[in-house]
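Participant: Protein chains in written order, with the numbering used here: chain A, 1 to 373; chain B, 1001 to 1443.
The C-beta atom is built at its ideal place from N, Cα and C for all residues, glycine as well.
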């Protein structure tokens, strides 16, 4: 294999694939990136056995071929090369080495045979549909903060992506929960998604997909089977295994009869919660919301007797109520509601789940468990 | 030379010292229990330690045991939890394996620990301590530091007198004896209480403290365990005096942060305050089997009983914790512990058990175990305990079941109602030994 490529063109796909490679690996081949050169294209593949990313980039191929080299090392080398330089990658036959040359810099890295490289991608997946980058972003951003990190409940360690009905309308839904809060976002079901399997997308895949979305404006091709999901972008394809488990029946925990309605401008609310929570303990981070007609009083106190209160003008006309929440969870939700838009809290009592929605977006809904205060 | 100050521990009077030599008997009541020290009326940091506490409680409840050697410990395979002073004459010590203790003292009366009873007596002792100062820092069920600074006027006497009256009240109301160590900091107070036992009162003053400490072994310094002791010996440091000759920075360079403590303690300096807040850091319970066990199914009933035990005590103390720890000791005495952090703190036996059980499944691999233990750490007040869970609606129902069972037991006794998973004859016979772990659990 022998190719020549512009440093910047090589750096970008390398940055994507190296973030998939785990820093500590017991299996040597998993620390490597698979390089394949043919037909004027270099493709780079990295995997952690649960997900893989394949990136393609145009280059001048002097001699087609393939090899694998340590991903982080190659990334670091290319990153440190002079900007604007031409990089030449050469791996000759069975030499077991690949040389990297740019200007007056020379490197030689040990290679491992590509036959050892595990393959995830390649097969075709039965269900396929297209999402705009903006929609894909919404599905992830509105839910991922609620993903659980608890190992024992592995089935909560991802986003539950599935088809559902909202009234008569078929929708694509993403749901995540850690037991304390739940986030649900939905949008009209894209063409081709009907009959899709319900899947749980693992947290690491969600993070990597989110990074790839950030760099695209175009559409995203999504395809999936019962145990694999693929996101295809212009020049990168991510394939991930799915979490093998059953997501809980979340609809049962979304209350429908909550009638104490609070409307508050979200960014102002968030800043007030943040200020009051300063003195709340690291462990509980609780703040109390005391509501009377037209006024919300946020308060917090600490075991060593510090106290804080702040009053906020709100739309509230129901009976007075006091209810406590984890301040971080309140802010996570407020973060997802656009500046200037109002958050709508539907409450029942201090012990029952509260529903939060975004007044300007009827596709999202959050459920928040109160804390005893 | 400063003159001695003397206190009678029976009539709480201060006989005048006519010369440097203190009187042998109290001129007022004739008691020989006098304590004398030049700084006696000025020192205010105390360590109070009950004498052979578990054994003393048993002797209190059965006077026929008074002159017999009594060992508190569990089963053929257990260890000695406590030995009375009669048993100690035969060489029986705490934490000694039971078979060794019985070899040393074959006629000893062995009593299985009744933790509930000791905890009740310990709570009475602590309540009496708190009557004299809010600054009580418990170290375990039967010992605590007390800071009596500035209480002279309140109690109408120097701290030494207040302490003498306090141990008198502990004897009278709880029926056990305690020893007092009095000094000007925690380190020395703890050292002192160990130097005159049982029913003792030892005073360590600031005057010539370095001389006092110089000949003592470095192992007396809190924090010097077996490993560090060996290291110090290898470096030629055997006594506290050897440490006194070394610079604090040099000791820190050699031994890390403990080096600072070594340096300061060796000169009798300890700036730690008596902190009533740092009470309990973890709640745990463990049991040693009569015969080694390797099968998960056979371990589970023990695990459930221990989880219940830990849960009971968390509930009683209005606590809950974020981290569940499983401890196993193999037949060759290797300890293994695994822990898992929960999404919310718990005090429920059911959640403690389920979490420990998932750890157990990972740990069991055919090895034979001689001991199993469960603990909950990273504690918080029970206001945060076991909130409803959006992803697990069943949790709330299990929570209610457990609360209902607790209510039945409170009325009718512990065995009135039980879960099937705990019903195994051998686990019922064996009562687990359990402890509350304060910040620095001595003993």
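1. Please classify residue 105 of chain A: is it buried, with 16 or more other beta-carbons within 10 angstroms of its beta-carbon, or exposed?
2. Residue 120 of chain A and residue 241 of chain A: beta carbons closer than 9 angstroms?
3. For chain B, find out if any of its Cβ atoms is closer than 9 angstroms to the Cβ of residue 178 of chain A; answer yes or no.
4. Mind checking if residue 152 of chain A is an interface residue toward chain B, Cβ cutoff 9 angstroms exclusive?
5. Would you call the region 360 to 372 of chain A and the region 180 to 198 of chain A in contact, with 3 or more CB pairs under 8 angstroms?
6. Using a Cβ-Cβ distance under 9 angstroms, would residue 1440 of chain B count as near chain A?
7. Counting Cβ pairs, one atom from each stretch, are 3 or more of them under 8 angstroms apart for the region 1146 to 1154 of chain B and the region 1045 to 1058 of chain B?
8. Residue 102 of chain A to residue 205 of chain A, Cα distance in whole Å?
9. Quick one: measure Cβ to Cβ for residue 950 of chain B and residue 1087 of chain B, integer angstroms, because I've assumed they're closer than 8 angstroms.
10. Measure the C-alpha to C-alpha separation of residue 1232 of chain B and residue 1120 of chain B and round it to an integer number of angstroms.
11. Look at the alpha carbon of residue 1017 of chain B and the alpha carbon of residue 1024 of chain B, and state the distance between them as a whole number of angstroms.
12. Does chain A have any CB closer than 9 angstroms to the CB of residue 1325 of chain B?
13. Which residues in chain B sit within 9 angstroms of residue 367 of chain A, going by Cβ to Cβ distance?
14. Under 8 angstroms: do the region 1318 to 1337 of chain B and the region 1368 to 1387 of chain B share three or more Cβ pairs, one atom per stretch?
15. Can you pull the chain A residues whose beta carbon is under 7 angstroms from the beta carbon of residue 1358 of chain B, in chain order?
16. The alpha helix (DSSP H) that contains residue 268 of chain A, what's its start and end?
17. Under 9 angstroms between the Cβ atoms of residue 156 of chain A and residue 201 of chain A?
18. When you compare each of A:55, A:221, A:310 to residue 271 of chain A by their alpha carbons, which one comes out closest?
19. Can you give, in chain order, each stretch of the beta strand (DSSP E) that sits fully within the region 90 to 165 of chain A and has at least 3 residues?
20. Taking the C-alpha atoms as reference points, what is the distance between residue 244 of chain A and residue 1391 of chain B?
21. Does residue 342 of chain A pass the burial test, meaning 16 or more other C-beta atoms within 10 Å, or should it be called exposed?
22. Could you work out which residues of chain B lie near residue 255 of chain A, taking near to mean beta carbons separated by less than 9 angstroms?
23. For residue 280 of chain A, return the contacting residues in chain B, with the cut-off set at a CB-CB distance below 8 angstroms.
24. Taking 8 angstroms as the cut-off, is the C-beta of residue 1251 of chain B nearer than that to any heavy atom in the ligand NAP?
25. Are the region 1351 to 1366 of chain B and the region 209 to 219 of chain A touching by the rule of at least three beta carbon pairs closer than 8 angstroms?
26. Just curious, the alpha helix (DSSP H) that residue 1122 of chain B is in, first and last residue?
27. Quickly, what does DSSP pair residue 322 of chain A with across the bridge? List them, please.
28. Looking at chain A, which residues of the region 1381 to 1413 of chain B have a Cβ within less than 7 angstroms of any of its Cβ atoms?
29. Under three-state DSSP, which class holds residue 1392 of chain B?
30. What would DSSP say about residue 1267 of chain B, mapped onto helix, strand or coil?
31. Is it right to say residue 1284 of chain B is buried, meaning 16 or more other beta carbons lie within 10 angstroms of its own, or is it exposed?
32. Contact between the region 332 to 342 of chain A and the region 292 to 299 of chain A is defined here as three or more beta-carbon pairs at a separation below 8 angstroms; is this criterion met?
33. Which stretch, first to last residue, makes up the beta strand (DSSP E) that contains residue 202 of chain A?
Facilitator: Looking at the coordinates:
1. exposed
2. yes
3. yes
4. yes
5. yes
6. Per-residue confidence for residue 1440 of chain B stands at a pLDDT of 32, beneath the threshold of 50, marking its modelled position as unreliable; the derived number appears in the next sentence. False, the Cβ-Cβ gap to chain A never drops below 9 angstroms.
7. yes
8. 33 angstroms
9. With chain B running from 1001 to 1443 in the structure shown, residue 950 of chain B is simply not present.
10. 41 angstroms
11. 11 angstroms
12. no
13. 1390
14. yes
15. 152
16. 266 to 277
17. no
18. A:310
19. 97 to 102, 105 to 110, 127 to 132
20. 17 angstroms
21. buried
22. Correct list: empty, because the minimum Cβ distance to chain B is about 11 angstroms.
23. Chain B residues near residue 280 of chain A: none, gap ~12 angstroms exceeds 8 angstroms.
24. Of the ligands one can find in the structure shown there are none, so the ligand NAP has no counterpart to examine.
25. no
26. 1115 to 1132
27. A:290
28. 1383, 1384, 1387, 1388, 1389, 1390, 1391, 1392, 1393
29. coil
30. coil
31. buried
32. no
33. 199 to 202
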